[in-house]
Structures are given as structure tokens and as C-alpha cells.
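Using the numbering used here, the letters of the sequence shown map in sequence onto residues 18 to 211.
Just so it is clear, CB atoms sit at the ideal spot from N, CA and C, and this is done for glycine as well.
The structure under discussion appears below in the form of C-alpha cells.
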Amino acid sequence: LLPASRRLQTKIDSLRDKLKAYIQERVNNPEKYKEQRKNICLINMMLDHNEKADDSTKLTLDMMVGNCNLFLLAGFDTTASAFNSMMYYLAANPVLLSQLRENTKGVNLASATLDDLDQCHLLDKIVRETLRVNPPTAATMNRRLKKDIKLGQYKLRKGDIVAPILTTFLWDPEQFASGVDFDVDSITPSNKKN
């Protein structure tokens, strides 16, 4: 490894050790963190799981740290990817960008709340269409079937693992008339809940 890579790895190891120590502290001293356990967060959900799970399904400390790292990185990367895609579509469509400027004129973006942004219907349409045409991930998480099913001509058995491909639905012209093309009017009341 290069010296810079070694320094970065040392920092990563240090952060992982701190997270591990924090989770272990929460496990060892539940009373101390009683108020924090009322909050909804990933660490609390994993601790709740372990309280109810049998030994074969309990999460190890390393698994909990790994889950925290996965959610942190996945959340950052998918948000950045979606934002970059939206900026691309706006830059490629100056008319839409002008309409968005006009639609958000009354909103002070420096102090805007989620309620304020919810009133910007065009922004909502742009975000939804960006996520439809260019989702940050093309597949959903793998799923293990709990029962036998028939899907068209295919028979899938209990225990089979399936990985639904999200884009086959999102780009289907039967569901969204514009298919793979960006069109803020492609999401209609009839397909919005799909």
C-alpha cells in the first residue's frame, strides 16, 4: 500500500474501533442508554433484534459495525448519485430549469422546511422522475421465497433467492409511457403508486 493509503486505512480502522466500542458500551450498559433506546435508529433496531433473537440469529458486534458502515456508505452514495442525475437532467433541459426557478420563487431555499418544499410540485415531479429513470440502484435486495409460487411460465420454490430488477418495471412503456426517457409528466395518478 502507498503511504497515503496506509494512513487512510489507519483512520478507517480507528473509526471502526470507536464504533465497535460505542456499540459494546451500549450492550454492556443498557440502563445508561435507556433514553436513547426510545429513538428510532439502526443501532437501536439491531440491539432490539438481539434482545429477541435466539443465539443462532443474533448479530455479532462485527455484523453490527458492518451494517452501520453499509448504511452510511450506501446512503451517501445513493443520495449523491440521485442528486447528480437530477442536476444532469435539469442542465440538459433549460426550459424545465426555468420552470423550476419560477415554481420556487416564493421559497427562501436557505431556510426552507420540508413543508415549504412539498409545495413545489414541479420539484417533486423532477425528483420522482429522476429516481424513476436513473435509480441509484437497479436491483432491490435479494429475497428468499417463503412459499412456492408460479410467475408466468416459471415455477419458483420455497427457499429460492430472487433479486428483482427494479428498472425492468420503471422503464416499462406499459407502466410509464416515456419508457427510459426523462419526462416529468410520465408519472400519472394511475401509475404513481406502482
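Identify whether residue i lies in helix, strand or coil by the three-state DSSP scheme.
{"i": "Y171", "result": "strand"}
{"i": "I182", "result": "strand"}
{"i": "I57", "result": "coil"}
{"i": "I166", "result": "strand"}
If I'm right that residue i touches residue j with Cβ under 8 angstroms, what's the distance once you round it to whole angstroms?
{"i": "K37", "j": "L78", "result": "6 angstroms"}
{"i": "S102", "j": "N151", "result": "4 angstroms"}
{"i": "S207", "j": "E146", "result": "That pair is no contact at about 16 angstroms."}
{"i": "V44", "j": "L64", "result": "7 angstroms"}
{"i": "L113", "j": "V179", "result": "In fact, because the Cβ distance is near 37 angstroms, the residues do not count as touching under 8 angstroms."}
{"i": "A99", "j": "L148", "result": "6 angstroms"}
{"i": "W188", "j": "G176", "result": "Not quite, the Cβ-Cβ distance comes to about 30 angstroms (not below 8 angstroms), so this is no contact."}
Following the continuous alpha helix (DSSP H) through residue i, name the residue where it begins and the one where it ends.
{"i": "L117", "result": "P111 to N120"}
{"i": "T130", "result": "First-last for T130: undefined, no H or E at that position."}
{"i": "E48", "result": "From DSSP, E48 is part of no alpha helix (DSSP H); its letter is neither H nor E."}
{"i": "T154", "result": "Element bounds for T154: n/a, residue is neither H nor E."}
To which residues of the same chain is residue i closer than 8 angstroms at the C-beta, ignoring the five residues directly before and after it?
{"i": "D94", "result": "P153"}
{"i": "C198", "result": "The residue you asked about is not Cys; residue 198 is Asp in the sequence shown. Contacts found: V150."}
{"i": "T96", "result": "P153"}
{"i": "N84", "result": "L59, M63 and L76"}
{"i": "Q41", "result": "L78"}
{"i": "N159", "result": "I178, V179 and A180"}
Just to confirm my understanding: we take residue i, look at its own chain, exclude 5 residues before and 5 after, and list those with CB closer than 6 angstroms. What are they?
{"i": "V124", "result": "D133"}
{"i": "R24", "result": "none"}
{"i": "T50", "result": "Correcting the residue identity first, residue 50 is Tyr in this sequence and not Thr. The answer, listed in chain order, is R43."}
Report yes or no: do the segment 163-176 and the segment 137-147 share at least 3 C-beta pairs separated by less than 8 angstroms?
-> Contact between the segment 163-176 and the segment 137-147 is absent, because fewer than three Cβ pairs lie under 8 angstroms.
At least 3 beta-carbon pairs within less than 8 angstroms: the segment 182-194 vs the segment 126-138 | The segment 182-194, when compared against the segment 126-138, does not touch it at the 8 angstroms Cβ threshold.
Is there contact here, the segment 107-115 with the segment 55-70, by at least three beta-carbon pairs under 8 angstroms?
-> With the cut-off at 8 angstroms, the segment 107-115 and the segment 55-70 do not touch.
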